[in-house]
Structures are given as C-alpha cells and as structure tokens.
Amino acid sequence: MAAVDSFQFLYREISRSCNSYFETLALVGALYTASRAVILLSDCCTLVRVHFLPRLIPSKKLTQRYGDWAVVYGASEPVAKAYTEELARHAISIIFVTRDPSSVRDMAAYLSQNYGVETVVVSADFSLDQVTCKPIKEALRGKDIGFLVNCVDESLASPQSLIEVPEQHLLDLVNRNIAVTTLMTRLVLPGMVDRSRGAVVNISSGACCRPLLGRVTLTASTGYLDHLSRALHLEYSGKGIFIQSLIPFQIASSEQQPSSSSSSPSRRESWFVPKPEVYARHAISTLGVSNRTTGYWPHTLQYGLMRCIPEWIWVLGSRVLISSS
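Heads up: the sequence shown at position 86 corresponds to 134 in this note's numbering, and the numbers run straight through without jumps.
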C-alpha cells in the first residue's frame, strides 16, 4: 500500500512539474492540426478550380485562345491519340510528326473524315540529326501553330531492369523521350513567341512522382519531361504561352486500339482507370488553368494520397509487391 501511495505522489509531482510542457505540446499539436486542415482545404479548392469549374463555366474556343493547328509527336500512344482526337473535335487541324507514317496514317484519315479538319503527316527520322528538322519546319511554315503535344513512349511500361534492356533500344528510348521532345519544343516555340500565344502539352506519367522497381527508363523519362515543362512554364508563361505537364496515372486499354506493347497487361476501365477518351476530355478542360496536373480528378486524389506516403515506405511496399508477383 505504501508503494502505491509513493507512486501516486511521484506521479502528481511529475505532472505538476511538466504541466507547462504539456500546454506547449498541446499548442504545437493544435497549430499542426490547423496547418494540415488549411492545406486540405486548399487542396480541395484547387481540385474544384482545376477539374470542375472549367467544365461548368463556358470559355473561348481553343482556336481563338491558342491557334488553328496542333503539332503532335508520339501519337501512337493511346493517351496521345485520344488527346489528338479531342483537339480535332474542337476544329483544330493536326500535324503528325512520326518516325513511322503508317502508324498514324489511318488516324489522320479518320480525323479528316469525321471532324473535317486538315491533317499532315511528317516523316522524321531523328537519327539524321538536323537534316530531320527541314521537313518539320516546312510543315510549320505559314500555319498558326497553337499547340504542341509531346507524349512519352511507354514501351517499357512492363517491369524490366536496366541491364535487361538492349543497348540500342535504350539509346532509342532516351532519344525519343528526351532529345526529340526537347527539339520539338525548340522548333515550335519561336512561332508561338512571335504570336504571343500557344500551348505546349507534355504528357508524361504518374511514374515521375515516385521511383518504381523495374521501370528505371520510364520514371527517368517522365521525370525529365515533367521538369522540362515546369522550367519552360517559368520561362515562357510571361510571353503568352501556356506550358502544361500532364501526369496521368493508369489509363484503361482502348478497345479500338490495342496496347502499344504486347508485354504490357491490359487494364480494365474503372473509376480510377478511365478510358483514353474520357481522360482526354477531362485533361483538355484544364488547359490554361493548371500548368501541372494529372488531368483527371480521381488521379489527383491518387496523387494526393501518394504524397502522404513516405518514400521509404513506398520503396519497401514496391519491393514486397515485386517479390510476391
């Protein structure tokens, strides 16, 4: 009984001496909770402003805001195809820049027939260095280029370690995703600067947000494209040019267009995995509103959740999933 009394006495003395510290800790906790609440409220307001208000409030036509023509590089990717069709739906003519003209020729004819827009297919082998730029410059000459759309090549979307990638294939991927997208931007920007209007849309992937095991080239390429867009926006936003980085997460496989890589698994449509057409419709409404966005509001929720997870927990979880698969 004496031991119990002495413990209670000791506890009361410790509580009395630490009372001021408890009040300080409570104040710190209240301030932290308030700051998190303000951040959450700000994120909710941004979600509404970027993804909902533009779809409710009518705005000027895209041709009036940016221009009559769009240059598209990487149109063989499902997301880029859907985005290009959405531009054509807004009466914007398309210039396709591709290494393989046969991959977009059918699409060019489809857009011309269904939407009444002009389409031009430019064959460009960028391994020929500056010689390749001549046909592209000829195609751009005299046209009101209002859009440039670059899309990352996700041909290595399935897990594959760096040493398993053939050397030539690795060089081609780096050239297409980094060098060529930068060069395309360099070719189109001068005309936009002269007209003081235009939009450059770089479609990368949510893979740029966190490191992924077995996807070194994909995360690196998307990370470069994302940072390139943000740097360009800082440099050219004051000249009337809108630079946007689109970072979509998973997109469902299109029924009309099979997956670009035979090794990549098909993805079924769901709330968080929209069809390419649905994603493109949402993404294009964010033009002029947000310079860096997922383009689709459920993906923005995913991105917000991903930011809350410490990177070491993310890496540990990725390793567990890879080892169990």
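Cβ atoms here follow ideal geometry from the backbone N, Cα and C, with glycine treated the same way.
A distance below 7 Å between beta-carbons, with the five flanking residues on each side excluded, links residue 187 to the following residues of its chain, in chain order: 143, 168, 170.
Burial check for residue 232: the Cβ neighbour count within 10 Å reaches 16 or more, so the residue is buried. Taking 9 Å as the cut-off, the Cβ atoms of residue 165 and residue 193 do not count as close. Beta-bridge annotation (DSSP): residue 146 is paired with 171.
Of all alpha-carbon atoms in 261, 281, 296, the one lying nearest the alpha-carbon of residue 289 is that of 281. In the structure shown, residue 257 falls within a coil segment according to DSSP collapsed to helix, strand and coil. DSSP lists 119, 248 as the bridge partner or partners of residue 196.
Counting along the chain, residue 332 sits inside no beta strand (DSSP E); it lies in the alpha helix (DSSP H) bounded by residues 324-332. Annotation for residue 293: the continuous beta strand (DSSP E) segment containing it runs 289-294. In this structure, DSSP gives residue 340 an extended state, which the three-state scheme calls strand. 334 is the residue among 318, 211, 334 whose C-alpha sits nearest the C-alpha of residue 249. In this structure the stretch 105-116 does not lie against the stretch 343-357, because fewer than three pairs of beta carbons, one per stretch, are closer than 8 Å. Annotation: the continuous alpha helix (DSSP H) that includes residue 127 extends over 126-137. According to DSSP, residue pairing for residue 141 in a beta bridge involves 117. The beta carbon of residue 240 sits closer than 6 Å to those of 246, 289, all from its chain and outside the five residues before and after it, given in chain order. Residue environment: residue 99 is assigned as buried (16 or more neighbouring CB atoms within 10 Å of its CB, all protein chains considered).
At the C-beta level, residue 197 and residue 128 come within 9 Å of one another.
Annotated three-state conformation of residue 91 is helix, per DSSP. DSSP, reduced to helix, strand and coil, places residue 301 outside both helices and strands of the structure shown, so it counts as coil. In this structure residue 292 is buried. Its beta-carbon is surrounded by 16 or more other beta-carbon atoms within 10 angstroms.
Burial state of residue 272 is buried, judged by a 10 Å Cβ sphere holding 16 or more other Cβ atoms.
Comparing C-alpha distances from residue 321 to each of 285, 301, 364 shows the shortest one belongs to 301.
When the alpha-carbon of residue 140 is set against those of 153, 120, 111, 228, the nearest one is in 111.
Cβ neighbours of residue 287 within its own chain (closer than 7 Å, five residues either side excluded): 241, 244.
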